[in-house]
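Peer 1:
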Amino acid sequence: MQYKLTIDDTEIKLSPDAAQNIDLAPTGKDTFHILQNNRSFNVRVVAVNFAEKTAVIEVDGNKYDIQIEDEYDLLVKKMGLSVGGNRAMTNIKAPMPGLILDILVEPGQSVEKGDQILILEAMKMENVLKAEGAGVIKSIEVKQGEAVEKGQILIETE
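Counting in the working numbering, the sequence shown runs from 33 upward without gaps.
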């Protein structure tokens, strides 16, 4: 299976064998040391969105936006089956267990696709949950500092 990484505006194709040959060692809560082709890198994961397969990382002090696509994502895109941007937003659920760090919206607020909704700390990383489409925040079902379970409704929308 081939992977396509878009780092800022640069596309890189990565095979599973190449990915397995990267020497990666955790050095802290969200930091790693990477050794590849006799080069050393210090990496910090700034934010991750598992649903959109995106991340923001800092490599030796420089920040990069990353989009990861596997062969299935590429096939769906090639067939023109990608979901359009005018989709209505559904209730926001926790993609994984975690802790609510910050709530970035209020009831009655209108949001558009890609707007930041809240920040969830999970697996020692901050994950920014974004609106999947346009909508209005109906109610907020959690509080800052609250622990949540996977699948729990965080925010109701209309």
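In this text, a Cβ means the ideal position worked out from N, Cα and C, and glycines have one as well. The structure displayed is predicted, hence computed values, not measured ones.
Return the bridge partner residues of V174 from the DSSP annotation.
Peer 2: Stepping through the sequence shown from its first residue, residue 174 is reached at position 142. DSSP output for V174 lists no bridge partner at all.
Peer 1: Using 10 angstroms around the beta-carbon of G93, count the other beta-carbons present and answer buried if the total reaches 16, otherwise exposed.
Peer 2: Position 61 of the sequence shown, counted from the first residue, corresponds to residue 93. Per the 10 Å Cβ criterion, exposed.
Peer 1: Just the C-alpha distance for S72 and T42, rounded to the nearest angstrom, thanks.
Peer 2: Here residue 72 corresponds to residue number 40 of the sequence shown, with the count starting at 1. Here residue 42 corresponds to residue number 10 of the sequence shown, with the count starting at 1. If I take the Cα positions, the gap works out to 21 Å.
Peer 1: Just how far apart, CA to CA, sit K125 and I132?
Peer 2: The residue given as residue 125 occupies position 93 in the sequence shown. The residue given as residue 132 occupies position 100 in the sequence shown. Rounded to whole angstroms, K125 to I132 spans 12 Å at the Cα level.
Peer 1: According to DSSP, E188 sits in a beta bridge with which residue or residues?
Peer 2: Sequence index remark: in the sequence shown, residue 188 carries index 156 (1-based). E188 is bridged to S171.
Peer 1: Give a yes or no on whether the C-beta atoms belonging to Q52 and K45 are separated by under 8 Å.
Peer 2: Numbered from its first residue, the sequence shown carries residue 52 at position 20. Numbered from its first residue, the sequence shown carries residue 45 at position 13. Cβ distance not < 8 Å, so Q52 and K45 don't count as in contact.
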